[in-house]
Amino acid sequence: MHNEDWIARGRAALWHPCTQMKQLEAAPPLPVARGEGPWLIDYEGRRYLDAISSWWVNLFGHAEPRINAALVDQLTRIEHVILAGCTHAPVVELSERLAALTGLGHAFYGSDGASATEIALKMSFHCWKNLGRPEKTGFVSLAHGYHGETLGALSVTDVALFKDTYAPLLRHTRQVMSPDWRQAGVDQQSGETAEDVARRAAADLEAHLAAHAGTTAAVILEPLVQGAAGMAMYHPLYLTLARELCDRFEVHLIADEIAVGFGRTGTMFACEQAPPPSPGREKGAGGGGDASRVADIADFLCLSKGLTGGYLPLSCVLTTDRVYQAFWDDETARGFLHSHSYTGNPLACRAALAVLDIFEQDGVLAANCIRAARFTDILQGVAAHPRVRHFRHAGMIWAFDVAGAPPGFARDFHRRALARGVFLRPIGATVYYMPPYVVGEEEMALLAAVTQELLDQA
Ligand SMILES: *Cc1c(COP(=O)(O)O)cnc(C)c1O
873 MHNEDWIARG RAALWHPCTQ MKQLEAAPPL PVARGEGPWL IDYEGRRYLD AISSWWVNLF
933 GHAEPRINAA LVDQLTRIEH VILAGCTHAP VVELSERLAA LTGLGHAFYG SDGASATEIA
993 LKMSFHCWKN LGRPEKTGFV SLAHGYHGET LGALSVTDVA LFKDTYAPLL RHTRQVMSPD
1053 WRQAGVDQQS GETAEDVARR AAADLEAHLA AHAGTTAAVI LEPLVQGAAG MAMYHPLYLT
1113 LARELCDRFE VHLIADEIAV GFGRTGTMFA CEQAPPPSPG REKGAGGGGD ASRVADIADF
1173 LCLSKGLTGG YLPLSCVLTT DRVYQAFWDD ETARGFLHSH SYTGNPLACR AALAVLDIFE
1233 QDGVLAANCI RAARFTDILQ GVAAHPRVRH FRHAGMIWAF DVAGAPPGFA RDFHRRALAR
1293 GVFLRPIGAT VYYMPPYVVG EEEMALLAAV TQELLDQA
């Protein structure tokens, strides 16, 4: 079978995600036969650099031997078992290790990222209800935030293209100013810094909560990088300020690290970069002891994508003792009666455990720090290109906006990059790189060269 056969058969039977199928007539999907590290290989042996980690899920490349071995081993034991009324080593060990990494001691599992968002929203509301505050039903999110596309998650998402069509089906939620530092450029005279923008955005959240905290259950946000907004980046001070406001107004903070967790922004979790809060605030209410900074910021932490290294669908919501205790009761209905069939799937948990082992064995965070500095150097030519605006970088994410991008720019750029052996998927006029952590200097140089070549042409 060749590329063309799979494209033709897929055209008849397959409906692709996030796609106007009619557009695939002109730009068919890439048939992928195999993967090798950061490379995708088609049915005719051509190779493409996976510069977006297969939609931000992959960490250590495709067909990673250690993750493969863990899965093969798990297959000989138990592939799946119901998690209501059963338990197993992979899910217990994973929960313990995530608790140790975050200071959030209670792990509830879902399958996809969107299901983690649903879990966090429902859990927050139900927690307040159990605490005698059933009127706290509202949710606040950031302008241009993205939290998934099931109805509850879409309600707190603020991406018009995904949301407007379904507006009549959605819960009403409120959006506050994004701390996206690109807004500092709006008023060039003011000399406003990224930190100033973070303070201005926090003031907007404060004004909202001052008026509506009584009916608000939670604020949900993507720490440091708003991915689907086009890799909008912001100053970590915003996280500290938002946390202080959530304490002051008695509102939960849901940190959606589905995209940025597992080292993407340089630290294991993006929340760790929040500067310490002003004195007076209690330590994170999670695991106790030397609870990490994550528990100082988040009441709920949503994880998915990189959790399994891009192998299997698994998501997790981690939360505090305080939230957990609010559900602990003789009455069944005060418990969190939420479930997904594949909750805590043993194979997926084993993949996640293998991922955590690799972080330790390979010193991934330290190595990425060196790698990222080197890659930023390699990308200097791109950053200095006359069409490039707002070149930005956080950990293993790089992004920039293209001046004068015509309509259809993203699709066209994708197609032309593919012809040169690079798989990219710009968002609007924003080109970004989010490569697997195993990418090398030669591969980054290829990415830079292809990008510059494409920017030079129309
Ligand atoms: C991808 C993503 C989601 C949704 O995850 P799915 O697995 O696609 O449902 C939610 N929040 C953020 C920040 C994401 O990047």
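First residue of the sequence shown: 873, per the numbering used here; consecutive thereafter. All C-beta atoms in this analysis are idealised placements derived from N, C-alpha and C, irrespective of residue type, glycine included.
Identified DSSP bridge partners for H952:
Within the sequence shown, residue 952 is the residue found at index 80, counting from 1. For H952, which the question treats as bridged, DSSP gives no partner whatsoever.
For ligand 1, any of its heavy atoms closer than 7 Å to the Cβ of S1050?
Here residue 1050 corresponds to residue number 178 of the sequence shown, with the count starting at 1. S1050: no, Cβ never under 7 Å from ligand 1.
Quick one: does the C-beta of A1100 sit closer than 7 Å to a heavy atom of ligand 1?
Position 228 of the sequence shown holds residue 1100. Indeed, a heavy atom of ligand 1 lies less than 7 Å from the Cβ.
From L921 to G1024, what distance separates their C-alpha atoms?
On the sequence shown, position 49 is the one that residue 921 refers to. On the sequence shown, position 152 is the one that residue 1024 refers to. Their Cα atoms are separated by approximately 35 Å.
Given L1042, which residues of its chain have a CB within under 8 Å of its CB, disregarding the five upstream and five downstream residues?
Indexing the sequence shown from 1 puts residue 1042 at position 170. Once the five neighbours on either side are set aside, the close Cβ partners of L1042 are L1023, L1026, S1027, K1035.
Rounded separation between H874 and Y915 - CA only:
By 1-based counting over the sequence shown, the position of residue 874 is 2. By 1-based counting over the sequence shown, the position of residue 915 is 43. Between H874 and Y915, the C-alpha separation is close to 6 Å.
Tell me the residue span of the alpha helix (DSSP H) that contains F1034.
In the sequence shown, the residue the question calls residue 1034 occupies position 162. Looking at the DSSP string, the run of the alpha helix (DSSP H) that includes F1034 is 1032-1035.
Anticipated Cβ contact below 8 Å, G1300 with Y981, distance rounded:
Reading the sequence shown from its first residue, position 428 is the one you call residue 1300. Reading the sequence shown from its first residue, position 109 is the one you call residue 981. With 8 Å as the limit, G1300 and Y981 do not qualify as a contact, their Cβ atoms being about 33 Å apart.
Local conformation of Q1098 per DSSP, three classes
As a working note, residue 1098 is residue 226 in the sequence shown. Note: Q1098 maps to strand in three-state DSSP.
Can you name, in chain order, every residue of its own chain whose Cβ lies under 8 Å from the Cβ of E965, other than the five neighbours on each side?
As a first step, residue 965 must be located in the sequence shown, where it is residue number 93. C1221, L1225, listed in sequence order.
Any idea if M893 is buried or exposed, counting beta-carbon neighbours within 10 angstroms, 16 or more meaning buried?
Within the sequence shown, the letter at position 21 stands for residue 893. So M893 counts as exposed.
According to DSSP, is R1209 part of a helix, a strand, or is it coil?
As a first step, residue 1209 is located in the sequence shown; it is residue number 337 there, counting from the start. In the sequence on display, residue 1209 carries Leu and not Arg. Coil at L1209, not helix or strand.
The alpha helix (DSSP H) with H1241 in it runs from where to where?
One-based indexing of the sequence shown puts residue 1241 at position 369. For the sequence presented, residue 1241 should be read as Cys rather than His. First-last of the alpha helix (DSSP H) with C1241: 1236-1250.
Measure from the alpha carbon of A1198 to the alpha carbon of each residue in S996, A986, A1083, then state which is nearest.
Taking the first residue of the sequence shown as 1, we reach residue 1198 at position 326. Closest by alpha carbon: S996.
How many Å lie between D1201 and G1207 at the Cα?
Position 329 of the sequence shown, counting from 1, holds the residue named residue 1201. Position 335 of the sequence shown, counting from 1, holds the residue named residue 1207. Near 7 Å, if we compare the C-alpha coordinates of G1207 and D1201.
Go ahead and pull the three-state DSSP assignment for D984.
Here the question's residue 984 lines up with position 112 in the sequence shown. Reduced to three states, the DSSP call for D984 is coil.
To the nearest angstrom, report how far apart R1259 and A1131 are at their CA atoms.
For this step, residue 1259 is matched to residue 387 along the sequence shown. For this step, residue 1131 is matched to residue 259 along the sequence shown. If I take the Cα positions, the gap works out to 27 Å.
Report the rounded CA-to-CA distance for P1185 versus L1290, giving the unit in angstroms.
Position 313 of the sequence shown, counted from the first residue, corresponds to residue 1185. Position 418 of the sequence shown, counted from the first residue, corresponds to residue 1290. Approximately 26 Å between the Cα atoms of the pair.
Going by alpha carbons, who is nearest to E1144 out of E1116, C1174, T1112?
Here residue 1144 refers to the residue found at position 272 of the sequence shown. Among E1116, C1174, T1112, the Cα nearest to that of E1144 belongs to T1112.
Give a yes or no on contact between the stretch 1254-1273 and the stretch 973-991, applying the rule of three or more CB pairs nearer than 8 Å.
no
Would the beta-carbon of E1129 fall within 8 Å of that of P1095?
Translated into positions along the sequence shown, residue 1129 becomes position 257. Translated into positions along the sequence shown, residue 1095 becomes position 223. Yes, Cβ-Cβ distance for E1129 and P1095 is below 8 Å.
For the alpha helix (DSSP H) containing C1221, list its first residue and its last residue.
Residue 1221 sits at position 349 when you count from the first residue of the sequence shown. From DSSP, the alpha helix (DSSP H) with C1221 extends over 1218-1233.
Does the beta carbon of W928 fall short of 7 Å from some heavy atom of ligand 1?
As a position in the sequence shown, residue 928 is number 56, starting the count at 1. Yes, ligand 1 has a heavy atom inside 7 Å of this Cβ.
Classify L943: buried if its beta carbon has 16 or more other beta carbons within 10 angstroms, exposed otherwise.
Taking the first residue of the sequence shown as 1, we reach residue 943 at position 71. Label assigned to L943: buried.
Could you tell me whether any non-hydrogen atom of ligand 1 is closer than 7 Å to the CB of Y1305?
Taking the first residue of the sequence shown as 1, we reach residue 1305 at position 433. False, no ligand heavy atom lies under 7 Å from that Cβ.
Could you check where the beta strand (DSSP E) with Q1047 kicks off and where it finishes?
Against the sequence shown, residue 1047 aligns to sequence position 175. Counting along the chain, the beta strand (DSSP E) containing Q1047 begins and ends at 1046-1048.
Presumed contact (8 Å Cβ cut-off) between G1267 and G1099, rounded CB distance:
Residue 1267 sits at position 395 when you count from the first residue of the sequence shown. Residue 1099 sits at position 227 when you count from the first residue of the sequence shown. Rounded, the Cβ-Cβ distance is 13 Å, inconsistent with contact.
CA-CA distance, W887 and A1238?
By one-based count along the sequence shown, residue 887 stands at place 15. By one-based count along the sequence shown, residue 1238 stands at place 366. Those two C-alpha atoms are separated by around 41 Å.
Look at V1166 and L976 and say whether their C-beta atoms are less than 8 Å apart.
Taking the sequence shown and counting its residues from 1, the one referred to as residue 1166 is at position 294. Taking the sequence shown and counting its residues from 1, the one referred to as residue 976 is at position 104. Cβ atoms of V1166 and L976: closer than 8 Å.
Any heavy atom of ligand 1 inside 7 Å of the beta-carbon of E1094?
In the sequence shown, counting from the first residue as 1, residue 1094 sits at position 222. Yes, ligand 1 has a heavy atom inside 7 Å of this Cβ.
CB-CB under 8 Å to S1050, same chain, minus the five flanking residues each way: which ones, in chain order?
One-based indexing of the sequence shown puts residue 1050 at position 178. For S1050, where only same-chain residues beyond five positions count, the Cβ hits under 8 Å are L1014, A1015, H1016, G1017, A1073, Q1098, A1101, A1104, Y1106.
In terms of residues, what are the limits of the beta strand (DSSP E) holding H1262?
Sequence index remark: in the sequence shown, residue 1262 carries index 390 (1-based). Where H1262 is concerned, the enclosing beta strand (DSSP E) stretches over 1260-1266.
Contact check, L1117 vs L1173 under 8 Å by CB: the rounded distance?
Residue numbering aside, residue 1117 sits at position 245 when the sequence shown is read from its first letter. Residue numbering aside, residue 1173 sits at position 301 when the sequence shown is read from its first letter. Rounded, the Cβ-Cβ distance is 18 Å, inconsistent with contact.
Would you mind sorting V963 into buried or exposed? The rule is 16 or more other CB atoms within 10 Å of its CB.
Taking the first residue of the sequence shown as 1, we reach residue 963 at position 91. Answer is buried; the Cβ neighbour count reaches 16.
K1177: beta carbon under 7 Å from a heavy atom of ligand 1?
One-based indexing of the sequence shown puts residue 1177 at position 305. True, at least one ligand heavy atom lies under 7 Å from that Cβ.
Opposing strand residues paired with I913 [DSSP bridges]:
Translated into positions along the sequence shown, residue 913 becomes position 41. R906, R919.
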